[in-house]
Structure formats: C-alpha cells, structure tokens
Amino acid sequence: MVEKEILDDVVAYRQELKANEDEDKEQPFIKLKEQNVRDDKGLKPKKNPGNDTHYSPSDPDAKMSVKPGKPTALNYLGQVSVDTATHTITHVQVFTADKRDSECLAAVLRHVKSTLHENGIALQEIVADTGYSSADALKALQASGITGYIPNRGQFKYERTGFSYNKSGDYYRCEQGVKVNYRGTYLTAGYWMKLYSAGAKNCLKCPLKDTCDAYKGKKVLIKETIDKPYYDRMHIRMQTRKAKILMKLRQSTVEPVIGTLVNYLGIKRVNSKGLEQANKCLTIAAVAYNLKKMLKYQPKLIGESIQNLKQPLINFLSTMLSAQYLNLSI
Ligand code: SF4
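Each number in the working numbering corresponds to the 1-based position in the sequence shown with 8 added.
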C-alpha cells in the first residue's frame, strides 16, 4: 500500500517534469513585464532587472534575486533548520525568493516548534545569522518563548558615541551638555522611527563638531527605530561567551548541511515548477540526508541504542513523509 502510493507519486512527478521540460522549449525562461519593454524610441529601461521588471511566464512562483558574487536570476529561497547536537535536519521549507531570511523566520519557528513538540522535544534556543535579524523576527521569537542568538545588522547602534540616553525623560544629552529631545515618531521606508532633535546654536564652537554623528548643520538630529529595545536585548545577549560559542557552532553545523544539500543532493537547481514542487524537492533531499545520517550513526551500546533510536526514527519518518508538501501516509 505504501509503495504503491509512493510509486504513483513518482510517476506523476516524472510526468510533470517531462511536461515542464517540453514547456521550457516553447517559452522563454524570463520575460520583460509589459511596461518595461523598449519604449517608442527603442530605448531600454534603465532599471536593473528585478521582480518589478521581469517575471517567468511558465513559473510565476520563481522570483528574481541576487546573492553576492552571483548574477541576478530566477530563484527560490530554501530555509533549512538543523539540530546542532545531532546535525540532523529538523525542518525545510521553500519560500519565494523575493522574501528576506528574516521574513521567513516566524513560519520556520512555528513548524520546527510543532515538529519537535510532536516528538517530545521542547525548542528553547535557536541560533541564526544576521540575515534573520529584524524587529518582526525578534518579536516572533519573544512571542514563542524561544531564546534567539541572532547578531544585529551592522547599521544598528547600541550606544551613540558622545551621547548618553535618559530613559525616564526619553532624551539624549551630548558630552557638551546639549539636550536632544524626543519630537515624534514617523514612518519611513516601511519602518517606524523615533526622531530626537535640538537647535545647533550651541554646536558652533564645539570642538567635536566634525566627528559628531548627530550634528547636521542647522540642527542636531538623532533617528532610531521604535523597536530598539528588542535589538538592545539581543545586543546584550550576543556579548556573552555562550553566544560566541553558539555562533561558531552554527557555522560548523548549518553550513556543511546546506553544502551537502546543494552539492551532493541536487538542490543547487530544482527541475520543477511552482513553490509546492520546489518544497517537495527540498523535503525529499532532507529526508535522504537524514536517513544517511541515521544509517551512519554508530551507537556505543548497540542493543540499547537501537531500542532508543527506534521510536525517534519512526517519528522522524512519519513527520517528514506526512509533511504537508508530500501528502503521503505510512
Ligand atoms: S556638535 Fe553639538 S551635539 Fe555634537 S557634541 Fe558638539 S555640542 Fe554636542
């Protein structure tokens, strides 16, 4: 019964791939959106290719994205969650490539948490790189009761050189005594920012004028995100010894797994179309990776360890194979 279901799926999947290949021969892979085709004078649009200028007529889920050192291309964004203790994959999910890593974190957390919970494991801590840092991601972590170790982005300023902050009065004061008061909150580029300002008449004779970040000629201006308390807490946590150890552990855990998926399990390119199919490809690759890992596992006490492994293995297989993307049952 199980085999038949799997075989049916494989046959259907092979037919889909074949159909996609035929379609590819007929249609160009990337097309210009109508408004970006050459104008009456035959001039090309000046903008770099992006999702507002280009799309794939045969695979609308594929989005333009660019990684450092690589050309802009139609891609999907795969997220992989790995257990640092056993190096096994706990969750994989594909998103459209127009999303940032930080925008995917809440969904990934939700899945990992529920998968581990089904297996009697509580998710308490996660470690991720700077790409996952955003106010929404930090809020999602806090709401889930999970401690995150995610370095803040480079532009974040925990302290302002030469300024001290008065929390009760919500104002800054510089070394020369100029008080910079809170003036209001405004929305810019999708982010809510707090604005602090003061007149610059006391700055004219200030010896620090040339190096002062807040001095803007006629005014003293300080802008910062309203979500600074979230970033501040993360900044303090990231100064701990544990955070430094975890960041090294992340590098030696997640990166090799991603490398294996890309270089040995065929995830560099998905020969399918649509988000659902891409999810299938990544899920199957993750299942293959985990099975290989488990087969290589060498227990110290064989008899006892096999008994210990039996239930987790059954749980793992049922979780991965009954994942929403596969729609299989065992
Ligand atoms: S330039 Fe103005 S705000 Fe900056 S340190 Fe000097 S007095 Fe203070």
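Beta carbons are placed, not taken as given, at the ideal position from N, Cα and C, and that holds for glycine. Since this is a predicted model, take the numbers as computed values, not measurements.
- Using a Cβ distance threshold of 7 Å, A105 and K71 count as a contacting pair.
- Residue burial annotation: T248 is exposed, with fewer than 16 other C-beta atoms found within 10 angstroms of its C-beta.
- Bridge pairing for T193: K202 [DSSP].
- Look at N174 here: in three-state DSSP terms it is strand.
- The three-state reading of DSSP puts S122 in helix, counting H, G and I together.
- Nearest to G58 by C-alpha distance, out of V74, P68, S66, is V74.
- About 5 Å separates the CB atoms of H99 and H119; that is less than 8 Å, so the two are in contact.
- Burial is judged here by how many other beta carbons sit within 10 angstroms of a residue's own beta carbon; G162 has fewer than 16 and is exposed.
- Membership of I230 in the beta strand (DSSP E) is indicated by the continuous run 227-233.
- Distances from the alpha-carbon of P65 to those of A286, N298, G282 put G282 closest.
- With a threshold of 6 Å, the Cβ atom of G225 does not count as near ligand 1, since no heavy atom of the ligand is closer than that.
- Here M255 is not near N160, since their CB atoms are 7 Å or more apart.
- A heavy atom of ligand 1 is found nearer than 6 Å to the CB of K217.
- The DSSP-derived three-state label of L303 is helix.
- S89: not part of any alpha helix (DSSP H); member of the beta strand (DSSP E) spanning 81-90, first to last residue.
- Contact between the region 216-232 and the region 137-144 is absent, with fewer than three C-beta pairs closer than 8 Å.
- The closest CA to that of R245, considering only I158, I154, A130, is found on I158.
- Distance from the CA atom of L149 to the CA atom of P68, rounded to whole angstroms, is 31 Å.
- The closest CA to that of V270, considering only I253, K252, Y297, is found on Y297.
- 7 Å or more divides the Cβ of H62 from the Cβ of T261.
- Bridge pairing for G156: I134 [DSSP].
- Placement of the Cβ of Q163 at a distance of 6 Å or more from every heavy atom of ligand 1 is found.
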